[in-house]
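Each step along the sequence shown adds one to the number in the working numbering, with nothing skipped, and position 63 is 178.
Virtual Cβ for every residue (Gly too), placed ideally from N, Cα, C.
The structure displayed is predicted, hence computed values, not measured ones.
Notes for the one structure printed next.
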Amino acid sequence: MKLNWGWGIVIVFSVFGVTMIGLVIKMFTVPVNMVSKDYYAEEQRFEQTVQKKENTKKLSTAPVLALNKEKGTVDIILPPELKSAEGNIRFFRPSDSRLDFNVKLDVNAENEQNIDASRIVKGRWIIQVNFSDSGVDYLFEKALVL
């Protein structure tokens, strides 16, 4: 059988159609993990977030967020001028929103908090420390790879 231009067109369109059907099937089977379920409401609060980050920059020293491999903990150290900080710590996993969780900010006398990292899935995390002290709101954010 000799292939002429008509058969070539049929073959190209067939391959294109099968490829499109395969992509549509794959699109509907891959889970969609949005950054946030209420992204629109968070966007409305964007100016407040910017102000909290500016307040954090005005502190005498920046908060410290580090992985302590020897102890197996995630350490958070707040500046010494913050005496009664209250808030929460959000562990945000960009690749899978089902793994996100929050921890209450509970610093000791040295303004430190250690969080056990053994129960946290390894990978890239964005950690947001959202806290307030003396009526001023602060937000510190850092990416960390466990």
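Asked: With 16 other Cβ atoms within 10 Å as the buried cut-off, status of Leu118; Found: exposed
Asked: Asp248 to Ser210 span [Cα, whole Å]; Found: 32 angstroms
Asked: Length of the line joining the Cα atoms of Asn245 and Val130; Found: 52 angstroms
Asked: At least three beta-carbon pairs within less than 8 angstroms, the segment 186-204 to the segment 224-231; Found: yes
Asked: Status (buried if at least 16 other CB within 10 Å, exposed otherwise) for Gly202; Found: buried
Asked: Contact under 9 angstroms by Cβ, Leu182 with Glu196; Found: no
Asked: Burial state of Tyr154, where buried means 16 or more other Cβ atoms lie within 10 Å; Found: exposed
Asked: Integer Cβ distance of Asn170 from Asp231, believed to fall under 8 angstroms; Found: Not quite, the Cβ-Cβ distance comes to about 29 angstroms (not below 8 angstroms), so this is no contact.
Asked: C-beta contact flag for Gln243 and Phe207 at 9 angstroms; Found: yes
Asked: Arg239 versus Ile126: straight-line alpha-carbon distance, rounded; Found: 44 angstroms
Asked: Three-state secondary structure assigned by DSSP to Glu201; Found: strand
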